[in-house]
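Protein sequences appear in the order of chains A and B.
Residues are numbered in the numbering used here as their position in the first sequence, beginning at 1, plus a constant of 450.
Residues are numbered in the numbering used here as their position in the second sequence, beginning at 1, plus a constant of 22.
Glycine is no exception: its CB is placed at the ideal position from the N, C-alpha and C atoms.
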Amino acid sequence: MISMDLLLNAVVLGVLLGCFYAAVSLGLSVSFGLLDVPHVAHPAFLILASYGVYFLNDSFDIDPLLAGLLITPLLFFFGLAAYRIYYETFEKRGSDAGVRGIAFLFGIAFIIEVLIILYFGVDQRSVSASYIGKAWRIGDMRIPLRLIVAFGVASALTVLLTLYLSRTFMGRAIRAVAQDQEALRLMGANPVKIKQWAFGIATAVLGVAGALLIIVAPVDPTLDRAYIGRTFCVVVMAGLGSMTGTLIAAIILGVVESIVLSTVGASWAPAISFGMLLAVLAIRPQGLLGRRS
Amino acid sequence: MRGNSIAFWGAMALFLLAVLLMTQVVGNEYPFFAGYVILQFIVLSVAWSILGGYAGYVNFGTSAFFGVGVYTAVFLVKATGAPLGVQIATAAVVGALLGLAVGLLTLRMQGIFFSIATIALSIVIETSVTNWRYVGGAAGIQIQRPPVMELFHSYVQMLFFVQALLVVLAIAIARYIQRSWIGRGLRALRDDELAAECTGVPTLRLKLLACVVSGALMCAAGAPAAMYLQYADPSSAFNLNYSVTVLAMSLIGGTAHWIGPVLGAILLGVTQQLLAVTISSEVNVLVLGVMLVLFVVAAPEGILGLVRRAVRYRAGGEA
Chain A
451 MISMDLLLNA VVLGVLLGCF YAAVSLGLSV SFGLLDVPHV AHPAFLILAS
501 YGVYFLNDSF DIDPLLAGLL ITPLLFFFGL AAYRIYYETF EKRGSDAGVR
551 GIAFLFGIAF IIEVLIILYF GVDQRSVSAS YIGKAWRIGD MRIPLRLIVA
601 FGVASALTVL LTLYLSRTFM GRAIRAVAQD QEALRLMGAN PVKIKQWAFG
651 IATAVLGVAG ALLIIVAPVD PTLDRAYIGR TFCVVVMAGL GSMTGTLIAA
701 IILGVVESIV LSTVGASWAP AISFGMLLAV LAIRPQGLLG RRS
Chain B
23 MRGNSIAFWG AMALFLLAVL LMTQVVGNEY PFFAGYVILQ FIVLSVAWSI
73 LGGYAGYVNF GTSAFFGVGV YTAVFLVKAT GAPLGVQIAT AAVVGALLGL
123 AVGLLTLRMQ GIFFSIATIA LSIVIETSVT NWRYVGGAAG IQIQRPPVME
173 LFHSYVQMLF FVQALLVVLA IAIARYIQRS WIGRGLRALR DDELAAECTG
223 VPTLRLKLLA CVVSGALMCA AGAPAAMYLQ YADPSSAFNL NYSVTVLAMS
273 LIGGTAHWIG PVLGAILLGV TQQLLAVTIS SEVNVLVLGV MLVLFVVAAP
323 EGILGLVRRA VRYRAGGEA
């Protein structure tokens with residue numbers, strides 16, 4: 451048996467890691483969970499944001515979190531444009547759009563991956579900041595400061611997005627569009643514009659999320675493949691579109707990953723999120739706090 | 023209809039004869055190395071289209087089936103030294119079972135959920151193989167080729183011919199499915215699964231059948247790859263690049279007819295072989311991705327759709 455200390459350590463690290471997973475999944479929770487866009491390219495967008503942060507940090511020595519904020523407006527407009535293209539070519543045409551929409555986004559993900567490889571190379575990249583490499587000691591436990599930073603920022607991001615979706619006019623409109631698009635149209639609102647705005651927000655969030663990704667660990671161009679498993683696992687387990695669910699599901703994933711890593715070994719790590727995803731899809735596809743029955 | 027069938031089988035026989043002749047006449051090894059890969063992708067794309075094209079289930083797990091095919095062969099070679107034919111047949115059986123498992127697991131899933139589940143399966147199987155010491159684990163495994171059959175000059179030539187046989191088999195099966203009630207049923211469930219079910223189409227059984235046939239063919243296509251490369255490792259055998267390549271080939275060719283994936287695989291396969299000689303493999307994937315995206319946006323029915331539109335336009339112009 452493993453010792454209680456080790457288990458406790460794994461759980462604490464898992465919770466911190468889980469909050470970080472929530473931050474990188476929030477965007478998908480909006481784009482896939484609320485807007486029904488089969489956004490397989492979400493992890494590729496995330497890695498792209500991380501490389502943006504890396505570029506700013508490496509060339510201008512900007513703090514990674516600040517760099518993440520700096521690229522946020524850029525990502526927002528990128529998201530607006532991306533949704534416009536997706537809508538015009540697939541959603542608007544209707545029939546058989548599903549198959550081709552998925553293939554389209556899968557293709558986009560690979561294009562982004564290759565472009566990053568061509569520009570930055572296949573090597574791992576990391577950022578430098580004062581809080582990277584240090585650790586807090588609590589008793590026997592050693593918690594890397596970078597995970598605590600990620601935990602704090604991720605929690606703040608989750609709370610902000612939850613508040614935005616529940617308190618502001620636009621946020622409520624986004625949730626309305628997810629519930630009944632036709633009703634919204636009858637009220638004189640344009641659902642496409644609202645969805646476009648929401649997709650912009652979902653992409654903009656990736657600025658800070660991408661910064662956290664590269665703060666927590668070095669990134670390489672094919673990392674998006676691993677995050678397909680993590681982000682979709684979190685969003686599907688959460689129940690599509692639930693922000694609270696996203697946080698809970700992400701913490702579950704983080705704790706499970708952390709415990710498996712410290713008991714079974716790192717070689718099984720890639721299978722954890724994908725295995726959980728398969729299990730959730732097979733057993734309870736509506737998720738923990740599903741909006742659809 | 024009968025004349026059509028005679029023409030089809032005649033063409034297939036001619037194709038095999040040409041391949042056989044080529045192995046006897048051409049001395050240079052390179053055409054067989056390159057041609058093998060193209061033939062392999064024809065089998066994979068045709069197999070993919072049985073589920074992805076006719077039934078409309080986008081399978082991202084081509085890599086899972088391909089890799090399982092490779093490792094079935096690796097396991098058999100290491101454990102029993104079984105000959106190539108047995109490796110391929112066993113891989114087909116394993117692939118059929120895996121297809122059945124995928125079908126059963128994803129019964130209630132549609133659209134993106136099915137696609138994501140197939141990616142997940144691929145990664146889970148890859149991780150399991152990585153942790154399986156007997157077949158080499160993460161480091162991979164070297165494989166010794168047995169002596170070649172007397173008919174052929176080299177092992178690669180033989181593999182080339184074997185893969186050509188698989189091409190004929192895959193096309194024949196796809197053609198049969200497309201022209202029978204199975205194909206009509208699959209198309210019905212693609213257009214509207216609920217309506218199909220209500221009008222008495224056994225959607226569940228058809229879907230399982232498509233998964234099984236598609237899976238068996240993909241695994242069979244993967245099995246000879248172990249002997250082709252004389253080496254196997256999990257991260258290349260289960261590489262998601264196989265999934266995106268096959269997806270691109272099928273959709274670019276067009277999935278309404280079995281000839282679509284064949285055209286797509288030949289077009290993209292030849293392009294890739296040319297690019298691989300001249301430029302890097304990254305550019306290869308880039309070209310593939312860009313072509314996939316362009317076709318999906320601008321020519322939703324693929325090359326088949328473009329040809330059909332051109333024919334219709336010409337007919338309309340003359341009338």
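Minimum Cα-Cα distance from G589 of chain A among the listed residues A:L530, A:V490, A:N459 corresponds to A:N459. Look at the region 280-314 of chain B: the residues with a C-beta under 8 angstroms from a C-beta of chain A are E304, V305, V307, L308, L310, G311, V312, L314. When secondary structure is reduced to three states using DSSP, W203 of chain B falls in the helix class. Within the region 554-568 of chain A, those residues whose Cβ lies closer than 8 angstroms to any Cβ of chain B are, in chain order, F554, F556, G557, I558, F560, I561, E563, V564, L565, I567, L568. If you draw a straight line from the Cα of Q179 of chain B to the Cα of A245 of chain B, it comes to about 16 angstroms. Cβ contact annotation for T672 of chain A (same chain, cutoff 7 angstroms, sequence separation greater than five): E563, in chain order.
Proximity of chain B to S479 of chain A at the Cβ level (cut-off 8 angstroms) is not reached, the minimal Cβ distance being about 14 angstroms. With respect to the C-alpha of L498 of chain A, the residue from A:I624, A:L663, A:Y536 having the closest C-alpha is A:L663. The C-beta distance from A604 of chain A to A472 of chain A rounds to 6 angstroms, short enough to meet the 8 angstroms contact threshold. Counting other Cβ atoms within 10 Å of its Cβ, E538 of chain A stays below 16 and is therefore classed as exposed. Inclusion of A719 of chain A and G529 of chain A in the CB contact set at 8 angstroms is not warranted, their separation being larger than that value. Using a CB distance below 8 angstroms, no part of the region 230-251 of chain B faces chain A. Taking C-alpha positions only, A69 of chain B is separated from S258 of chain B by approximately 20 angstroms. Sequence-distant Cβ neighbours of V234 of chain B in its own chain, meaning closer than 6 angstroms and more than five residues away, are A118, G121, L122.
Take N26 of chain B, set aside five residues on each side of it, and no residue of its chain has a beta-carbon closer than 8 angstroms to its own.
Cβ-Cβ separation between F682 of chain A and L485 of chain A: approximately 15 angstroms, too far for a contact (criterion under 8 angstroms).
Under the DSSP assignment, I588 of chain A falls in the beta strand (DSSP E) whose first and last residues are 585-588.
Interface with chain A (8 angstroms Cβ-Cβ cutoff): T84 of chain B is excluded. A residue is called buried when at least 16 other Cβ atoms come within 10 angstroms of its Cβ; S616 of chain A does not meet this threshold and is exposed. Going by DSSP, I582 of chain A is part of no alpha helix (DSSP H) at all; its letter is neither H nor E.
Within the same chain, Cβ atoms closer than 8 angstroms to the Cβ of T608 of chain A are found at C469, A472, A473, L476, M693, T696, L697, the five residues on either side in sequence being excluded. Of all residues in the region 129-149 of chain B, only R130, M131, G133, I134, F135, S137, I138, A139, I141, A142, L143, I145, V146, T149 come within less than 7 angstroms of chain A when Cβ atoms are compared, listed by chain position.
DSSP places A35 of chain B in the helix class (H, G or I) of the three-state scheme. Taking a Cβ-Cβ cut-off of 7 angstroms, N81 of chain B has no neighbours in chain A, whose nearest Cβ is about 11 angstroms from it. Beta-carbon to beta-carbon, I134 of chain B and I678 of chain A are separated by about 11 angstroms, too far to satisfy the 8 angstroms threshold. The alpha-carbon of L129 of chain B is positioned some 30 angstroms away from that of V190 of chain B.
Taking every protein chain shown into account, the CB of D255 of chain B has 16 or more other CB atoms within 10 angstroms, so this residue is buried. DSSP places R575 of chain A within a strand segment (E or B) once states are collapsed to three. A buried status is given to L262 of chain B, since no fewer than 16 other beta-carbon atoms sit within 10 Å of its beta-carbon.
Taken in chain order, the unbroken stretches of alpha helix (DSSP H) that lie wholly in the region 249-303 of chain B and span 4 residues or more are 256-259, 262-275, 281-300.
Straight through space, the alpha carbons of L269 of chain B and L39 of chain B are spaced by roughly 29 angstroms.
Here the C-alpha atom of I64 of chain B lies approximately 17 angstroms from the C-alpha atom of Q200 of chain B.
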